[in-house]
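**Q** Numbering-wise (the UniProt record's numbering), the sequence shown opens with residue 1 and increments by one.
By construction, the Cβ of each residue, glycine as well, lies at the ideal position given by its N, Cα and C atoms.
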Amino acid sequence: IRVLVVGAGLTGSLSACLLRRELKDKNVHIVVWDKARGVGGRMSTFRPPDPSCHSADLGAQYISATREYARSHHSFYTELLEEGILRPLDCAVEGLRHKDGSTDYVAPLGMSSVVKHFLRHSGEPDLFLEHQVSGLYRRGSSWEVHRKQGDSQNFDSVLLTIPVPQILQLEGDLGDVLSVQQRELLHGVSYSSRFALALFFPPGTDLGVPWGVRYYNNDDGGAGLGPSLVVHTGVPFGLQNLERNAEEVQPIILGELNRLLPALPQPISIKCHKWRYSQVASAVAGCPGHMTLSEHPLLVCAGDAFTHSNFDGCLTSALSTLEAFKGVM
Ligand SMILES: Cc1cc2nc3c(=O)[nH]c(=O)nc-3n(C[C@H](O)[C@H](O)[C@H](O)COP(=O)(O)OP(=O)(O)OC[C@H]3O[C@@H](n4cnc5c(N)ncnc54)[C@H](O)[C@@H]3O)c2cc1C
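1. Out of Q153, E94, F46, L322, state which residue places its alpha-carbon closest to the alpha-carbon of S112.
2. Taking only the alpha-carbon atoms, compute the straight-line gap between E79 and L129 and give it to the nearest angstrom.
3. Drop a sphere of 10 angstroms on the beta-carbon of W211, count the other beta-carbons inside from all chains shown, and report buried for 16 or more, exposed for fewer.
4. If you draw a straight line from the C-alpha of L207 to the C-alpha of I253, how long is it?
5. For the beta strand (DSSP E) that V177 lies in, which residues bound it at each end?
6. Thinking just about the alpha-carbon of each residue, which of G59, G140, K24 is nearest to the one in H121?
7. Just mark I162 as buried or exposed, buried being the case when its beta carbon has 16 or more other beta carbons within 10 Å.
8. Any heavy atom of ligand 1 closer than 7 Å to the CB of G84?
9. Report yes if the C-beta of Q279 is less than 7 Å from at least one heavy atom of ligand 1; otherwise report no.
10. Tell me which same chain residues have a C-beta within less than 8 Å of the C-beta of F76, skipping the five on either side of it?
11. Does the beta-carbon of M43, which I'm using as the reference point, lie nearer than 7 Å to any heavy atom of ligand 1?
12. Would L229 be called buried (16 or more neighbouring beta carbons within 10 Å of its own) or exposed?
13. Alpha carbon to alpha carbon, what distance is there between S192 and V231?
14. Quick check on this structure: which residue in G12, A8, I30 has the alpha carbon closest to the alpha carbon of G38?
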């Protein structure tokens with residue numbers, strides 16, 4: 001059975017891993033495609049051109065496990081902590097209104113190491129980067145999956161973990177398989193947008209701030225490697241500037257950062273990134289974590305849009321996706 005997982009973000013890598021662990025006796029061959037040049041999706045880690053600087057997470061910064069999730073997803077947290085992929089966050093977090101009892105973790109090697117961990121534990125699936133899906137066509141008992149580059153391949157089952165607006169843009173037979181209710185639910189999904197600005201400093205630089213993470217409200221406006229600092233803009237700023245490119249917005253964010261932290265030293269390089277689909281503002285209502293669009297051949301969509309935008313949301317989605325696959329395989 002050939003299964004295509006579209007998207008090598010956290011949901012795609014977790015789903016590939018769970019499918020491999022649970023369906024290993026069923027002769028399932030898993031293939032993962034992602035349109036990007038690296039894995040991670042919104043948990044991507046940027047490596048600056050200067051090797052003396054620390055890499056920076058442009059999307060997710062840390063993972064907060066509520067007491068309930070720490071219990072229900074205990075085995076996943078234990079696995080990540082034991083392998084050194086996650087470590088308790090040990091710096092000061094200022095301005096965060098945390099729910100009681102949550103524990104925060106960071107990924108010392110970058111958030112993409114969490115995604116890479118689950119890909120590694122998927123029995124090293126065939127991973128193809130720069131493979132952008134452009135359309136899905138039903139061909140008897142399989143899906144013919146088209147790439148933007150022009151070629152296509154057939155799969156028995158397909159799992160889409162890409163942001164919902166991008167699912168709705170796919171060409172082919174998707175329009176025919178969606179029920180009226182599913183179409184309405186998917187059109188109801190919305191995302192916030194954000195810009196991320198990463199500043200990279202030479203080794204030995206003291207950033208002169210007493211915190212590791214600081215939240216500003218609207219009124220405020222590795223060993224041997226140089227530190228990096230990541231700034232995320234707020235939701236209203238993302239909305240106002242959504243159609244501007246990262247180069248245009250970079251000086252605005254830098255100006256505000258200089259106002260907030262006037263003593264910040266001079267960085268040696270800077271990277272600005274636009275997240276059009278940042279965190280899910282409105283998820284698919286009443287959804288168990290995935291949506292089955294077709295049972296024969298199987299077509300499922302999953303991701304944080306079917307739960308909520310964080311590590312545990314993606315894990316909940318991947319666990320429910322596994323049940324959907326087990327139900328028909
Ligand atoms: C700025 C920011 C800050 C965040 N902060 C936190 C945080 O601190 N803690 C936390 O837990 N979460 C945080 N999140 C949320 C978290 O990052 C997401 O919930 C999670 O990464 C979503 O994973 P996913 O696999 O569902 O989707 P994605 O990570 O979006 O993965 C989808 C993948 O599909 C690929 N793709 C898209 N279209 C196609 C196509 N047509 N063909 C092939 N591939 C395609 C993309 O390249 C991408 O790799 C943050 C997100 C952002 C953007």
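**A** In short:
1. Relative to the Cα of S112, the nearest Cα in the group Q153, E94, F46, L322 belongs to F46.
2. Rounded to the nearest angstrom, the two C-alpha atoms are 26 Å apart.
3. Residue environment: W211 is assigned as exposed (fewer than 16 neighbouring CB atoms within 10 Å of its CB, all protein chains considered).
4. Computed Cα separation, rounded: 18 Å.
5. From DSSP, V177 is part of no beta strand (DSSP E) but of the alpha helix (DSSP H) over 174-177.
6. With distances taken between Cα atoms, H121 lies closest to K24.
7. Counting Cβ neighbours within 10 Å, I162 comes out buried, since at least 16 surround it.
8. Not one heavy atom of ligand 1 is found less than 7 Å from the C-beta of G84.
9. Yes, since a heavy atom of ligand 1 falls inside the 7 Å radius drawn around the Cβ of Q279.
10. Excluding sequence neighbours, F76 sits near L315.
11. Within the cutoff, so yes.
12. Classification for L229: buried.
13. Those two C-alpha atoms are separated by around 16 Å.
14. Relative to G38, the option among G12, A8, I30 whose CA is nearest is A8.
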